[in-house]
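No gaps in the numbering here: position 11 of the sequence shown is 11 in the UniProt record's numbering, and each next residue is one more. Heads up, the beta-carbon is just placed ideally off N, CA and C, and yes, glycines get one too. Please read these numbers as outputs of a predicted model, since none were measured by experiment.
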Amino acid sequence: MAVLDGREGYAKVACLMSRHHEFGIFRSFDELNYQNLLYLQAELTHLEQELKEISHRDKFSGHPIRHIHARHWQLLKDSQQDGHDEQFRKIMQIRTSLEEYNEALLRQQRLSCLKKPTKYKINFLRDWRDSPKMGGQPIISDDRHAWSEAHEDDLITTADPNQMDATSTWISEKLLPNYHWWIGKHYKAPIDAEPLTGIANYSNKGIINAVDILATTVSCLFSILSIVALYFIQSIALRIGMTAIFTAVFCLCLAAMTEARRIEIFAATSAFAAVQVVFIGTTGNCSGSGN
């Protein structure tokens, strides 16, 4: 079995994930987390009902102090000294359970915000695990199946989900692997820590910068090229139709090559369409005057 810097087992998997954060893929245990929340909710529901019953008994107890426990905090707190502290103890029990419930609820909310890994990254992790030259089955207990297809819908990644847009992801997971297989492996040496695995490192930052430059260039050129194309179209109806096509393509490019929000894409697309409409109106009026 190949080892990675002498590491074996969980340490070997952890080493891979620490060096390549995109492979930090884990089960969310979503169903169990929700089941735990339901148990906590059931426990609190039961405690809530018990508190109501205790409060009712205290109110109609005829005791000079117990009957106002629900309305006087200090007397309720001091009830620990006179042995009539059932209501106070129940409140403290509820407080502890509430803290646990609220923490679990907030943790589940944060957990639900974590993104799912792409199919490519899951498959790579499986291939790495199973390959004798890479992971070589580092984990042999039942949790080795954590990344199996049966749990695929339950997997989440700790990597930054906003780091790469759709185009960057396509380049990283489709274009680069094919490039490396056919060309890159002859020029790009495997990383020093894992020479036997054949894993080469391509900078995500470089990919993102290249896509940013490409997106900026395309957006600038597209505006000019659309005007040039409209200039050579004489029919107003055809110009309007082409404007709709250009606008749709521009919108798709923004969505695919940037991480812009919907409102930002809408604003940029509206401005792009407005320039073309002004051009059509201006050249249309000029053509009409010439005739």
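Distance, Cα to Cα, residue i vs residue j?
i	j	result
L221	E31	49 angstroms
R71	K59	10 angstroms
I207	E22	15 angstroms
R19	A159	12 angstroms
L114	L106	13 angstroms
A255	P132	41 angstroms
A236	T283	Note that residue 236 corresponds to Ile in the displayed sequence, not to Ala. When rounded, the distance between both Cα atoms is 10 angstroms.
K174	R7	30 angstroms
A146	C251	39 angstroms
R239	A248	14 angstroms
L111	E100	16 angstroms
M1	I122	Since pLDDT at M1 reaches only 37, below the 50 mark, its modelled position is unreliable, and the value read off the structure follows with that caveat. Each residue's Cα considered, the two are about 22 angstroms apart.
C15	G9	10 angstroms
T217	R262	21 angstroms
V211	A166	10 angstroms
S148	M17	17 angstroms
T118	F26	13 angstroms
R144	T157	17 angstroms
V13	D127	13 angstroms
D130	S141	14 angstroms
A215	A268	13 angstroms
E259	L38	36 angstroms
C253	K188	31 angstroms
Can you give me the start and stop residues for the beta strand (DSSP E) that residue i sits inside?
i	result
T157	155–157
Identify which residue in the options has its Cα closest to the Cα of residue i.
i	options	result
M242	L254, S223, A255, A260	S223
L172	A248, G83, I140, N201	It is Ser, not Leu, that sits at residue 172 in the sequence shown. Residue N201 is the option with its Cα nearest to S172.
N33	R66, Q108, Q93, A11	Q108
V278	E152, Q87, L230	L230
Q276	T157, M17, I233	I233
F124	G83, G24, F246, S203	G24
K77	I68, F88, G83, H67	F88
L40	S203, E8, Q93, S219	Q93
A273	R261, I245, T118, R262	I245
L44	E149, C253, I227, T96	T96
K205	R110, V218, T169, I183	T169
V228	E259, I280, D127, T157	I280
I213	R261, M257, Y179, I183	M257
N36	W182, V13, E103	E103
D82	D130, P64, A14	P64
P177	E259, S28, K90, Y120	Y120
R66	N209, Q49, D85	D85
K116	S28, S61, S79	S28
L47	S79, I68, K90, R57	K90
Let's see if you can read the secondary structure: which residues bound the alpha helix (DSSP H) around residue i?
i	result
R89	86–113
R27	Run containing R27: none in the alpha helix (DSSP H); it sits in the beta strand (DSSP E), 25–27.
R239	236–257
N36	30–59
residue 308	With the chain covering 1 to 291 only, the question about residue 308 has no answer from this structure.
L16	10–19
F124	119–130
| request: Taking 8 angstroms as the threshold, find out whether the stretch 60–79 comes into contact with the stretch 128–148 through three or more Cβ pairs. | output: no
| request: Flag this pair as touching only if the stretch 44–57 and the stretch 146–155 have three or more C-beta atom pairs under 8 angstroms; answer yes or no. | output: no
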